[in-house]
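Chemist: Got a structure for you, questions after.
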Amino acid sequence: PQHMAAIVDMTIEQCDRTISANLTLSFLCRDYLRHLRAAVDSVRNKTANVLIASTSPMRRTMAITLSVRVVIWLTLNSEIVKIGPKGRANCVALRWVAMLMIQEALNDPSANCSTPEDDCDVSDIANQISILSSSVVSGHVTGQVIIVEGGCVGDL
394 PQHMAAIVDM TIEQCDRTIS ANLTLSFLCR DYLRHLRAAV DSVRNKTANV
444 LIASTSPMRR TMAITLSVRV VIWLTLNSEI VKIGPKGRAN CVALRWVAML
494 MIQEALNDPS ANCSTPEDDC DVSDIANQIS ILSSSVVSGH VTGQVIIVEG
544 GCVGDL
(Lines of atoms letter the chains of each structure in order from A and count residues from 1; the text may use other names and numbers.)
(Lines give C-alpha, C1' and ligand atoms only; values in the text may rest on other atoms or scores of the structure.)
Protein backbone atom coordinates (compact mmCIF):
# COMPACT_ATOMS: atom_id res chain seq x y z
CA PRO A 1 0.00 0.00 0.00
CA GLN A 2 1.00 3.58 -0.62
CA HIS A 3 1.19 4.45 3.10
CA MET A 4 3.79 1.73 3.71
CA ALA A 5 6.51 3.20 1.50
CA ALA A 6 10.07 3.05 2.73
CA ILE A 7 11.28 6.48 3.80
CA VAL A 8 13.69 6.57 0.87
CA ASP A 9 10.73 6.05 -1.50
CA MET A 10 8.22 8.33 0.26
CA THR A 11 6.77 11.36 -1.41
CA ILE A 12 6.45 14.59 0.55
CA GLU A 13 2.66 14.08 0.45
CA GLN A 14 2.98 10.67 2.16
CA CYS A 15 5.28 12.15 4.79
CA ASP A 16 2.87 15.06 5.38
CA ARG A 17 -0.10 12.66 5.77
CA THR A 18 1.82 10.59 8.33
CA ILE A 19 2.89 13.62 10.36
CA SER A 20 -0.56 15.24 10.15
CA ALA A 21 -2.29 12.09 11.40
CA ASN A 22 0.11 11.79 14.31
CA LEU A 23 0.03 15.45 15.33
CA THR A 24 -3.78 15.34 15.47
CA LEU A 25 -3.33 13.26 18.65
CA SER A 26 -2.19 16.35 20.59
CA PHE A 27 -5.29 18.22 19.51
CA LEU A 28 -7.58 15.33 20.47
CA CYS A 29 -6.26 15.43 24.06
CA ARG A 30 -7.39 19.02 24.58
CA ASP A 31 -10.74 18.08 26.18
CA TYR A 32 -8.98 15.90 28.74
CA LEU A 33 -6.54 18.72 29.50
CA ARG A 34 -9.44 21.17 29.97
CA HIS A 35 -11.12 18.81 32.47
CA LEU A 36 -7.83 18.29 34.28
CA ARG A 37 -7.30 22.06 34.49
CA ALA A 38 -10.77 22.46 36.03
CA ALA A 39 -10.14 19.76 38.68
CA VAL A 40 -9.21 20.52 42.29
CA ASP A 41 -5.51 20.71 43.18
CA SER A 42 -5.47 17.33 44.90
CA VAL A 43 -6.69 15.63 41.70
CA ARG A 44 -4.40 17.60 39.38
CA ASN A 45 -1.37 16.80 41.49
CA LYS A 46 -2.14 13.08 41.77
CA THR A 47 -2.83 12.52 38.10
CA ALA A 48 -0.90 9.65 36.53
CA ASN A 49 -1.43 9.78 32.79
CA VAL A 50 -0.41 6.98 30.45
CA LEU A 51 -0.77 7.65 26.75
CA ILE A 52 -0.94 4.52 24.61
CA ALA A 53 0.46 5.01 21.13
CA SER A 54 1.45 2.86 18.20
CA THR A 55 4.89 3.15 16.69
CA SER A 56 3.57 1.09 13.77
CA PRO A 57 4.67 -2.47 13.18
CA MET A 58 5.74 -1.40 9.73
CA ARG A 59 9.46 -0.77 10.10
CA ARG A 60 9.58 1.17 6.83
CA THR A 61 7.77 4.11 8.45
CA MET A 62 8.86 3.60 12.04
CA ALA A 63 11.49 6.37 12.02
CA ILE A 64 8.91 9.01 11.13
CA THR A 65 6.17 7.54 13.29
CA LEU A 66 8.33 7.14 16.39
CA SER A 67 9.91 10.58 16.11
CA VAL A 68 6.50 12.22 15.79
CA ARG A 69 5.11 10.21 18.73
CA VAL A 70 8.01 11.23 20.93
CA VAL A 71 7.56 14.90 20.02
CA ILE A 72 3.82 14.62 20.75
CA TRP A 73 4.50 12.96 24.06
CA LEU A 74 7.01 15.57 25.16
CA THR A 75 4.45 18.28 24.29
CA LEU A 76 1.62 16.55 26.20
CA ASN A 77 3.87 15.85 29.17
CA SER A 78 4.77 19.54 29.32
CA GLU A 79 1.09 20.54 29.18
CA ILE A 80 0.11 18.13 31.97
CA VAL A 81 2.88 19.33 34.26
CA LYS A 82 1.83 22.96 33.70
CA ILE A 83 -1.67 22.03 34.86
CA GLY A 84 -0.66 19.74 37.73
CA PRO A 85 2.97 20.36 38.74
CA LYS A 86 3.11 17.09 40.68
CA GLY A 87 1.22 15.17 38.00
CA ARG A 88 2.95 12.41 36.05
CA ALA A 89 2.73 11.58 32.39
CA ASN A 90 4.23 8.65 30.49
CA CYS A 91 3.66 6.82 27.24
CA VAL A 92 3.46 3.13 26.34
CA ALA A 93 4.33 2.80 22.65
CA LEU A 94 3.36 -0.46 20.98
CA ARG A 95 5.32 -1.97 18.16
CA TRP A 96 5.66 -5.75 17.84
CA VAL A 97 2.70 -6.97 19.85
CA ALA A 98 0.64 -9.98 18.78
CA MET A 99 -2.68 -8.28 18.07
CA LEU A 100 -5.33 -9.19 15.53
CA MET A 101 -4.32 -6.42 13.13
CA ILE A 102 -0.80 -7.80 12.62
CA GLN A 103 -1.31 -11.49 13.45
CA GLU A 104 -1.74 -12.46 9.80
CA ALA A 105 1.56 -10.81 8.90
CA LEU A 106 3.32 -12.44 11.87
CA ASN A 107 2.07 -15.86 10.70
CA ASP A 108 3.19 -15.32 7.09
CA PRO A 109 6.27 -17.54 6.48
CA SER A 110 7.52 -15.11 3.81
CA ALA A 111 7.60 -12.22 6.29
CA ASN A 112 11.05 -11.20 7.41
CA CYS A 113 10.12 -11.32 11.08
CA SER A 114 11.08 -13.52 13.97
CA THR A 115 9.36 -13.54 17.34
CA PRO A 116 10.28 -15.08 20.67
CA GLU A 117 8.55 -18.31 21.63
CA ASP A 118 6.15 -16.43 23.90
CA ASP A 119 4.77 -13.49 21.92
CA CYS A 120 4.05 -10.23 23.67
CA ASP A 121 0.29 -9.83 24.02
CA VAL A 122 -2.22 -7.33 25.36
CA SER A 123 -1.73 -8.46 28.97
CA ASP A 124 1.92 -7.39 28.71
CA ILE A 125 0.71 -3.94 27.66
CA ALA A 126 -1.82 -3.83 30.52
CA ASN A 127 0.89 -4.77 33.02
CA GLN A 128 3.16 -1.96 31.79
CA ILE A 129 0.30 0.55 32.02
CA SER A 130 -0.45 -0.61 35.58
CA ILE A 131 3.18 -0.20 36.58
CA LEU A 132 3.40 3.32 35.14
CA SER A 133 0.04 4.28 36.70
CA SER A 134 1.11 3.24 40.19
CA SER A 135 2.36 6.07 42.37
CA VAL A 136 3.93 3.44 44.66
CA VAL A 137 5.97 1.70 41.96
CA SER A 138 6.51 4.60 39.52
CA GLY A 139 5.97 7.70 41.62
CA HIS A 140 9.12 9.34 40.29
CA VAL A 141 8.77 8.19 36.67
CA THR A 142 7.46 10.84 34.29
CA GLY A 143 7.97 11.92 30.70
CA GLN A 144 9.07 8.46 29.60
CA VAL A 145 8.20 6.58 26.42
CA ILE A 146 8.28 2.82 27.05
CA ILE A 147 8.35 0.81 23.81
CA VAL A 148 6.62 -2.57 24.15
CA GLU A 149 7.73 -4.68 21.24
CA GLY A 150 7.75 -8.27 22.44
CA GLY A 151 11.23 -9.00 21.14
CA CYS A 152 10.17 -9.27 17.50
CA VAL A 153 12.75 -8.11 15.00
CA GLY A 154 12.54 -7.64 11.25
CA ASP A 155 10.23 -6.14 8.66
CA LEU A 156 6.59 -6.90 7.96
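Residues 394 to 549, numbered by my numbering, are exactly what the sequence shown covers, in order.
We put the CB at the ideal spot given by N, CA and C, even for glycine.
Just to confirm the assignment, what range does the beta strand (DSSP E) spanning I540 have?
Modeler: Here the question's residue 540 lines up with position 147 in the sequence shown. Where I540 is concerned, the enclosing beta strand (DSSP E) stretches over 538-541.
Chemist: Return the residue from the list L467, R430, F420, V530 that minimises the CA-CA distance to G477.
Modeler: The sequence position of residue 477 within the sequence shown is 84, counting from 1. It is R430.
Chemist: Leaving aside the five residues before and after I522 along the sequence, list all residues of the same chain whose C-beta is less than 8 Å from its C-beta, in chain order.
Modeler: Position 129 of the sequence shown, counting from 1, holds the residue named residue 522. For I522, where only same-chain residues beyond five positions count, the Cβ hits under 8 Å are V443, I445, V485.
Chemist: Would you list the one or two residues that DSSP bridges to C484?
Modeler: By 1-based counting over the sequence shown, the position of residue 484 is 91. Partner(s): L444, V538.
Chemist: Do you know how far the Cα of D434 is from the Cα of T404?
Modeler: For the purposes of this step, residue 404 is taken as the residue at position 11 of the sequence shown. For the purposes of this step, residue 434 is taken as the residue at position 41 of the sequence shown. Cα-Cα distance, rounded: 47 Å.
Chemist: Do N438 and K479 have their CB atoms nearer than 9 Å?
Modeler: The residue you call residue 438 lines up with position 45 of the sequence shown. The residue you call residue 479 lines up with position 86 of the sequence shown. The answer is yes: Cβ separation under 9 Å.
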